[in-house]
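J.: I'd like to ask some things about the structure below.
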Amino acid sequence: MRLAIMQPYLFPYLGYFQLIRAVDAFVIYDDVDFIKGGWINRNYILGHADKQLVTLPLQGASPNKRINQLEVSARHKLLQTIRQCYGKAPHFAAVYPVLMDIFSQQTSQLALLLEYQLRSICAYLGLQPKWFVSSAMEKAAGLRGQGKILDICDVLGATRYINLPGGKSLYDREAFAERGLQLSFLQPGAVCYRQFGRKFVPGLSIVDVMMFNDREQCAKLLDAYELV
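Numbering (numbering that gives the first Met the number 0), first residue to last: 0 to 227.
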């Protein structure tokens with residue numbers, strides 16, 4: 000079984016969903032420390048001049064808290080910003096209702112909202128992995144880093160663990176091989192598509208991809224990767 004384990008991010012970039020496309024099961028890694036200034040509650044969209052950072056406000060955000068201990072505050076401004084930036088995008092009418100549904104969820108818990116967001120976007124994109132949530136799994140206590148990842152792989156019976164390129168400095172192939180696991184990294188391919196006829200701005204969130212590409216085009220972009 001091919002497995003990926005990732006923290007839940009706000010509107011992750013295309014590579015995150017390519018990773019979900021590449022695996023059989025996906026673990027939402029919500030019982031790890033919140034990273035202030037990371038991508039858990041913010042991301043880039045296409046602004047009127049260049050990329051624009053959007054942020055989901057949190058209550059009492061702290062690196063001393065885990066992701067599943069945080070709560071969301073007001074969220075309507077984020078939706079307004081997306082509407083202002085993408086109101087004339089070719090697939091706004093199809094995508095915006097998905098985003099409205101996500102942010103209409105009554106939960107104030109960040110982890111639950113981000114989980115719903117990931118599931119909703121995957122449903123739109125036609126991705127159907129088997130879902131797990133780290134905090135709900137029975138696993139060894141007190142483990143961190145690579146040890147915790149290996150334990151989750153053992154619990155779920157994974158045979159291959161796939162991570163994004165940023166994990167190359169975090170994981171040791173020999174340690175995985177000793178547990179009977181193949182360690183691979185996803186390498187996204189070059190991506191370019193039309194954005195209002197302007198010069199292409201790369202590295203934006205999945206919202207940008209969906210606003211400018213229909214489901215068939217999105218499917219092709221999701222397959223634009225290799226495993227190394």
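C-beta atoms are modelled at their ideal positions from N, C-alpha and C, and glycine is treated no differently.
Quick one: what does DSSP say residue 39 is sitting in, helix, strand or coil?
T.: Counting from 1 along the sequence shown, the entry for residue 39 is found at position 40. Looking at residue 39 - three-state DSSP - the assignment turns out to be coil, as it is neither helix nor strand.
J.: Which term fits residue 87, buried or exposed, when burial requires 16 or more other beta carbons within 10 angstroms of its beta carbon?
T.: On the sequence shown, position 88 is the one that residue 87 refers to. Classification for residue 87: exposed.
J.: Opposite residue 32 in the DSSP bridges: which residues?
T.: Within the sequence shown, the letter at position 33 stands for residue 32. Answer is 65.
J.: Any contact between the region 124-135 and the region 16-30? By contact I mean 3 or more CB pairs, one from each, below 8 Å.
T.: yes
J.: Considering only residues of the same chain and omitting the five flanking positions on each side of residue 209, which have a CB-CB separation below 6 Å?
T.: For the purposes of this step, residue 209 is taken as the residue at position 210 of the sequence shown. For residue 209, where only same-chain residues beyond five positions count, the Cβ hits under 6 Å are 94.
J.: For residue 199, does the count of other Cβ atoms within 10 angstroms reach 16, so buried, or fall short, so exposed?
T.: For the purposes of this step, residue 199 is taken as the residue at position 200 of the sequence shown. Burial is judged here by how many other beta carbons sit within 10 angstroms of a residue's own beta carbon; residue 199 has fewer than 16 and is exposed.
J.: On the three-state DSSP scale, how would you describe residue 80?
T.: Position 81 of the sequence shown, counting from 1, holds the residue named residue 80. Helix.
J.: So, residue 18 versus residue 203, is the Cβ gap smaller than 7 Å?
T.: Position 19 of the sequence shown, counted from the start, is the residue given in the question as residue 18. Position 204 of the sequence shown, counted from the start, is the residue given in the question as residue 203. Their beta carbons are not under 7 Å apart, which means residue 18 does not touch residue 203 by this criterion.
J.: On the three-pair Cβ rule with 8 Å, is the region 135-155 touching the region 102-114?
T.: no
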